[in-house]
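What the sequence shown shows, in the numbering used here, is residues 1 to 423, in sequence order. The next block holds one structure in the form of structure tokens; read it before the comments.
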Amino acid sequence: MSGKNDAAKTSKIAVWWDMKDCPVPEGIDALRVRPSIEGGFKEQGYSGPVSIAAYGDHKQPEHLLRALSSTGVAVVHIRSESTCAVMYLDTVKWREDNPPPATMMIITNQMLDVFQWDLARLQQRTSYDIFLAYSIKPVAELFVETRKEWLWEKLLHGTTSTSVDTAGELSTVFHCESCSLDCQSVKSFKKHLSTKKHAIEEVLNPQPTQLISVTKRWGKNYAATPEYATAKIHVCWDMSECPIPDGYDARRVRPSLEGAFKELGYSGPVSITAFGDHKQTPERHLHALSSTGIDVAHAIPEFIYGRMFDDLKRWRDNNPTPTTMMIISDGAEYAFGDSLARLKQLKKYNLFWAYSFRPWKMSVMLTSAEWLWDKLTCSKQEEGITEHVEASEKRRLYWLKAKRMFSREQAVEESCLVEVEKL
1 MSGKNDAAKT SKIAVWWDMK DCPVPEGIDA LRVRPSIEGG FKEQGYSGPV SIAAYGDHKQ
61 PEHLLRALSS TGVAVVHIRS ESTCAVMYLD TVKWREDNPP PATMMIITNQ MLDVFQWDLA
121 RLQQRTSYDI FLAYSIKPVA ELFVETRKEW LWEKLLHGTT STSVDTAGEL STVFHCESCS
181 LDCQSVKSFK KHLSTKKHAI EEVLNPQPTQ LISVTKRWGK NYAATPEYAT AKIHVCWDMS
241 ECPIPDGYDA RRVRPSLEGA FKELGYSGPV SITAFGDHKQ TPERHLHALS STGIDVAHAI
301 PEFIYGRMFD DLKRWRDNNP TPTTMMIISD GAEYAFGDSL ARLKQLKKYN LFWAYSFRPW
361 KMSVMLTSAE WLWDKLTCSK QEEGITEHVE ASEKRRLYWL KAKRMFSREQ AVEESCLVEV
421 EKL
């Protein structure tokens, strides 16, 4: 990851700037915008070539547009209600033409409400270094992983990369998005925006006003790619939400999972941990699970999500990519979807998910495969419920996990919860 990040520091940098949300503040020369942005990057160690596109309704003072253009800032005219949608489409097109390592910066107040869901999913598949600036700080934590975030006005008051007086040899075009027209001067640009033809074009061929999600089409189970085909797979299973079906032989769980993986081309070693309140789990199930090499971890419902997430993080830290992790839980999105999405942007592991009912909306977690738990456990790949560990080792694994149910640490934890509930 560090090597990739080092390469990004000298690679292309593209900036998309929403001028309605983050205008040039009163008292600040527009000539300062580019050198301030470049200065901010250089303070973070980034020195690659910077392209900047400023989006907005550019029926604005000529001196502002001329100043921006003279420093190489591309001026894009778009109706304010279409700014986010058009900006995002342009970022997606840029990503298609510029594979990583590369760097993206978005200047907007709409990251939380508009951009982040789809961008976070894109980042989980193909990761770029992301920078963000805003005039109003988001009210909640973002699940797009960023290298640095700035308050817009503070960035403009910061270090500049070049003298504002000498920046001016980078003149660029003015672009009307509605008419797909480039103009070479402020005068011709302003003249075009005032024409009847332009007004008609904006009405007859309006730009989109809603962001078009790129990743909503990513919904099927994908065949294993070569780097993940034989890599390790770790499964965290919430037995309280996805229990062993009535009348089902618990020894079939492992071969059913492994059979589903093999149908997609995954043949790597599989480790499985079953979390639940195992004081309530029938002993025959515990023995059956342990006999096929499934670890049994006791956790009462109030702590189960935390235990599962800790287990995933520990396993991920000890098993660098390429690896695959699987969650079997209905509450995965609610409990740690945002956190897993951020982790997945930092370290490129594969993610599977199984649940007892389909979520009502697509998760921010980007998965390579999803299953309904009932269908997964009824997999046809049931033959040969083989012994995965020696009998003595099976018993050792089972009892090491089982005695944790009655340990002093577990008892204290559960008694504390009871005391809290009494308050």
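We put the CB at the ideal spot given by N, CA and C, even for glycine.
Query                                                                                                                                                                         : Result
Would residue 48 and residue 160 be called neighbours here (beta carbons separated by less than 8 Å)?                                                                         : no
Near residue 240, what residues of its chain come up, given a Cβ to Cβ distance below 7 Å and the 5 sequence neighbours on each side ignored?                                 : 276, 277, 301, 304
When DSSP labels each residue in this structure, what does residue 15 get in the three-state scheme?                                                                          : strand
When we look at the beta-carbon of residue 50 and count the other beta-carbons within 10 Å, is it buried (16 or more) or exposed?                                             : buried
At which residues does the beta strand (DSSP E) containing residue 278 begin and terminate?                                                                                   : That residue, residue 278, is in no beta strand (DSSP E); it is neither H nor E in DSSP.
Compare the Cα-Cα distances from residue 323 to each of 308, 271, 370, 336 and report the closest residue.                                                                    : 271
Using 8 Å as the Cβ pair cut-off and three pairs as the minimum, do the segment 371-380 and the segment 341-351 touch?                                                        : no
What residues in its chain sit with their C-beta under 7 Å from that of residue 140, if we drop five residues either side in the sequence?                                    : 112
Near residue 367, which residues of its chain fall below 8 Å by C-beta distance, leaving aside the five closest residues on each side in sequence?                            : 351, 352, 353
Could you tell me the alpha carbon to alpha carbon distance between residue 406 and residue 297, rounded to whole angstroms?                                                  : Caution is warranted here: a pLDDT of 45 is assigned to residue 406, below 50, making its placement in the model unreliable, and the coordinate value is therefore given only provisionally. For residue 406 and residue 297, the distance between alpha carbons rounds to 12 Å.
Am I right that residue 55 and residue 91 are in contact with their C-beta atoms under 8 Å? What's the rounded C-beta distance?                                               : Actually they do not touch by this definition, with Cβ atoms about 11 Å apart.
Given that a residue counts as buried once 16 or more other Cβ atoms are within 10 Å of its Cβ, and exposed if not, what is residue 231?                                      : buried
Three-state secondary structure (DSSP) at residue 198?                                                                                                                        : helix
Buried or exposed: where does residue 33 fall if 16 or more other Cβ atoms within 10 Å of its Cβ makes it buried?                                                             : buried
Relative to the C-alpha of residue 185, which candidate in 145, 68, 264 has its C-alpha closest?                                                                              : 68
For residue 292, count neighbouring C-beta atoms within 10 Å of its own C-beta (all shown protein chains included) and say buried if the count is 16 or more, exposed if not. : buried
If distances are taken between C-alpha atoms only, which option among 44, 244, 152, 220 comes closest to residue 103?                                                         : 44
At the level of alpha carbons, what is the spacing between residue 5 and residue 203?                                                                                         : 44 Å
Starting from residue 334, trace the alpha helix (DSSP H) in both directions and tell me its first and last residue.                                                          : 332-346
Where do the ends of the beta strand (DSSP E) carrying residue 424 lie?                                                                                                       : What is shown of the chain runs 1 to 423, which leaves residue 424 out entirely.
From the DSSP output, which residues share a beta bridge with residue 218?                                                                                                    : Answer is none; residue 218 lacks a bridge partner.
Using alpha carbons as the reference points, say which of 86, 10, 28 lies closest to residue 18.                                                                              : 86
Report the residue from 209, 316, 214 whose alpha carbon sits nearest the alpha carbon of residue 79.                                                                         : 209
Return the CA-CA distance between residue 101 and residue 234, expressed in angstroms with no decimal places.                                                                 : 29 Å
What span of residues does the beta strand (DSSP E) with residue 355 cover, start to end?                                                                                     : 350-355
Going by DSSP, name the residue or residues bridged to residue 424.                                                                                                           : Outside the displayed span of the chain (1 to 423) sits residue 424, for which this structure offers no information.
Cα separation between residue 332 and residue 107?                                                                                                                            : 31 Å
Going by CA-CA distance only, name the one from 77, 242, 116 that's closest to residue 274.                                                                                   : 242
At which residues does the beta strand (DSSP E) containing residue 298 begin and terminate?                                                                                   : 295-298
To which residues of the same chain is residue 125 closer than 7 Å at the C-beta, ignoring the five residues directly before and after it?                                    : 366
Give the straight-line distance between the Cα atoms of residue 155 and residue 26, rounded to the nearest whole angstrom.                                                    : 14 Å
Use the C-beta contact count for residue 401: other C-beta atoms within 10 angstroms, 16 or more gives buried, fewer gives exposed.                                           : For residue 401, the predicted model reports a pLDDT of 49, less than 50, meaning its position is unreliable; a value from the coordinates is still stated below. Label assigned to residue 401: buried.
Using only the alpha-carbon positions, how far apart do residue 200 and residue 57 sit?                                                                                       : 16 Å
On the three-state DSSP scale, how would you describe residue 325?                                                                                                            : strand
Is residue 223 buried or exposed, if buried means 16 or more other CB atoms sit within 10 Å of its CB?                                                                        : exposed
Mind checking whether residue 72 and residue 215 have CB atoms under 8 Å apart?                                                                                               : no
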